[in-house]
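Peer 1: Below is the structure I would like to discuss, written out as structure tokens.
2 protein chains.
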Amino acid sequence: MLSKSTEYAIRALAYIQLQNWKGHRPGVSEIALEIEAPVAYSAKIFQTLTKHKLLESMKGRGGGFFFDKNQSHLTIFDVINVMEGDGVFHKCGFGLKNCNSKNPCPFHNEYITVREGFYNLVKNETIQTLSKKIQNGEAVLNRLSKE
Amino acid sequence: MLSKSTEYAIRALAYIQLQNWKGHRPGVSEIALEIEAPVAYSAKIFQTLTKHKLLESMKGRGGGFFFDKNQSHLTIFDVINVMEGDGVFHKCGFGLKNCNSKNPCPFHNEYITVREGFYNLVKNETIQTLSKKIQNGEAVLNRLSKE
DNA sequence: ATATATAAAGACCCTTATATCTTTTTATAT
DNA sequence: ATATAAAAAGATATAAGGGTCTTTATATAT
């Protein structure tokens, strides 16, 4: 459903938020270890995220990644959009170029229901709501968290 | 959501079914033209489909593709499964290896709802139900159909 | 000032999905 | 039998996603 890069991005952002709440500003290698992603590749992903202002960074000793205090909520949709575009929320499930309600593909309505469900999910959930759940013990970030 | 190959496959199978109902057995180039896919690539896809018995073929003059009379219904799920596996119906939306109800990722339940919706859709729809809709004018296969 | 820790940037590589081309096999028409 | 029409098979090409490595820029600690 989501690309591997997007998955890494979401997991990383949730971890960064959790650490920020603890007053910590994690760096690339710490995050990569936690989310079980390749270090160098993670660095690339974080570059993309900071370039698009979803995330802030500081270079140099004691540097790392953190969220802008003003930007209180970052939706999963925004993360997907930056990582792989929003095509999945527009595209016909059949791959037809001009499929719409007047010219519907054979599973137009059924597919739209699924697609909208996914859209609502990622539009309503944010890195902060996700992180809160983890903090409250309602969810886990990875298999190591429980051990 | 679905790979391009899977999209081509579904569209092709629907077209083949429609032609079969008319007593016609279409060949690679005819199908490829209709579904707006590359001819040689389409041929590869049809090889995969016939190898997995989702489709029958006949070589030689007057040959082409057709459905086994005994196999009256072919679900979209089966097509997806042959073309790209069923991973999308099992995978965690977060990319976690062991995410489950006892160890849920932060959007476990919400995502599962979407995923199951998609699963039910592709498990209930078949190439035949899709084709029927097209035949009845309730849906169109591509943009050329309406012109 | 210098050394050190860190992210940014850019070049590169590997794998998979997408796509093409050529040759071989098989059926039919004549 | 021979020519022809078609799919099967296999080799190759291209593009994108995923991943690595090296160098550069920048902040902090000493």
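If you're matching them up, the sequences are chains A and B in order.
Going by this note's numbering, the first sequence opens with residue 1, and the numbers climb by one from there.
Going by this note's numbering, the second sequence opens with residue 1001, and the numbers climb by one from there.
C-beta: ideal position from N, C-alpha, C; glycine also.
Computed from a prediction, not measured in an experiment: that's the story for all the values here.
Whose Cβ in chain B lies nearer than 7 Å to the Cβ of Val175(A)?
Peer 2: This structure cannot settle anything about residue 175(A), because the visible part of chain A is limited to 1 through 147.
Peer 1: Using a cut-off of 9 Å between C-beta atoms, extract the partners of Lys44(A) located in chain B.
Peer 2: Near Lys44(A) there are no residues of chain B at all, since even the closest Cβ is about 17 Å away, more than 9 Å.
Peer 1: Since Gly1064(B) sits in a beta bridge, which residues does DSSP pair it with?
Peer 2: Paired residue(s): Met1058(B).
Peer 1: Counting contacts by CB-CB distance shorter than 8 Å, is Leu144(A) in contact with chain B?
Peer 2: Model confidence at Leu144(A) stands at a pLDDT of 48, short of 50, so the residue's coordinates are unreliable; what they give is reported in the following sentence. Judged by the 8 Å Cβ criterion, Leu144(A) is not in contact with chain B.
Peer 1: The alpha helix (DSSP H) that contains Phe107(A), what's its start and end?
Peer 2: That residue, Phe107(A), is in no alpha helix (DSSP H); it is neither H nor E in DSSP.
Peer 1: Measuring only the C-alpha atoms, how far is Ala37(A) from Leu49(A)?
Peer 2: About 16 Å.
Peer 1: Buried or exposed: where does Met58(A) fall if 16 or more other Cβ atoms within 10 Å of its Cβ makes it buried?
Peer 2: The residue in question, Met58(A), is exposed, as its Cβ has fewer than 16 Cβ neighbours within 10 Å.
Peer 1: Can you tell me whether Lys1146(B) is helix, strand or coil according to DSSP?
Peer 2: Its pLDDT being 41, under 50, Lys1146(B) is placed unreliably in this model, and the value from its coordinates should be taken loosely. The answer is helix: DSSP assigns Lys1146(B) an H, G or I state.
Peer 1: Any C-beta of chain B sitting closer than 8 Å to the C-beta of Ala14(A)?
Peer 2: Interface residue, yes.
Peer 1: Which whole-angstrom value describes the C-beta separation of Gly93(A) and Thr1113(B), a residue pair presumed to lie in contact below a C-beta threshold of 8 Å?
Peer 2: Rounded, the Cβ-Cβ distance is 17 Å, inconsistent with contact.
Peer 1: For the alpha helix (DSSP H) that contains Leu1013(B), what are its first and last residues?
Peer 2: Here the alpha helix (DSSP H) through Leu1013(B) covers Lys1004 to Trp1021.
Peer 1: Let's test the definition: count the other Cβ atoms within 10 Å of the Cβ of Glu147(A) and tell me whether it reaches 16, buried, or not, exposed.
Peer 2: In this prediction, Glu147(A) scores a pLDDT of 37, lower than 50, which makes its location untrustworthy; no coordinate-derived value is stated.
Peer 1: Here's a check: name, in chain order, each residue in its chain whose Cβ is nearer than 7 Å to the Cβ of Ile1035(B), leaving out the five neighbours to either side.
Peer 2: Excluding positions up to five away in sequence, the list reads Tyr1008, Arg1011, Ala1012, Tyr1015 and Asn1142.
Peer 1: List the residues of chain B whose Cβ lies closer than 8 Å to the Cβ of Leu130(A), in chain order.
Peer 2: Correct list: Pro1106 and Phe1107.
Peer 1: Measuring only between beta-carbons, confirm whether Gly95(A) sits less than 8 Å from chain B.
Peer 2: Closer than 8 Å to some Cβ of chain B, the Cβ of Gly95(A) qualifies, so yes.
Peer 1: Compare the C-beta of Ser111(A) against all C-beta atoms of chain B and say whether one is closer than 8 Å.
Peer 2: Note on identity: in this sequence residue 111(A) is Tyr, with Ser being the wrong assignment. Chain B, which has a Cβ nearer than 8 Å to the Cβ of Tyr111(A), makes this yes.
Peer 1: Is the separation between the beta-carbon of Thr1129(B) and that of Val1079(B) shorter than 8 Å?
Peer 2: Contact flag unset, no.
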